[in-house]
């Protein structure tokens, strides 16, 4: 697990990990709180774009689990903060790795 100081840094960390070539998939989890300004929407869009671009350019599957919440209370009680939701994100990443391997030339059928 790698922690970053904020959501803005998630794509850069994901890309660095993907480029290191030591993982089969990346599961990006995080939360953006609205607060008193709307700039979180711009950040959320850039985080989503950055993770998608990292996934496409590195070929490493990225599972997206970044929430946007109105309050800290909402973030703490959101479904994504529950183990079952994190398990679904991990399952999606595993399924994408499996699919990627099946589609590789000479891969399992």
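Residue numbers (the numbering used here): 102 to 210.
Think of the CB as a built atom: it goes at the ideal place given N, C-alpha and C, for glycine as much as any other residue.
Quick caveat, the model's predicted, so the values are computed rather than measured.
*Bridge partners of residue 195, per DSSP?*
Note: residue 195 sits in no beta bridge, so no partner.
*Using the DSSP secondary-structure output, state which residues sit across from residue 166 in a beta bridge.*
Within the DSSP secondary-structure output, residue 166 pairs in a beta bridge with 130.
*Between the CA atoms of residue 201 and residue 150 - distance to the nearest angstrom*: For the pair residue 150 and residue 201, the Cα-to-Cα distance works out to about 21 Å.
_Just to confirm my understanding: we take residue 144, look at its own chain, exclude 5 residues before and 5 after, and list those with CB closer than 7 Å. What are they?_
Result list for residue 144: 108, 109 and 133, in chain order.
*residue 190 to residue 165, Cα distance in whole Å?*
So the alpha carbons of these two residues sit roughly 7 Å apart.
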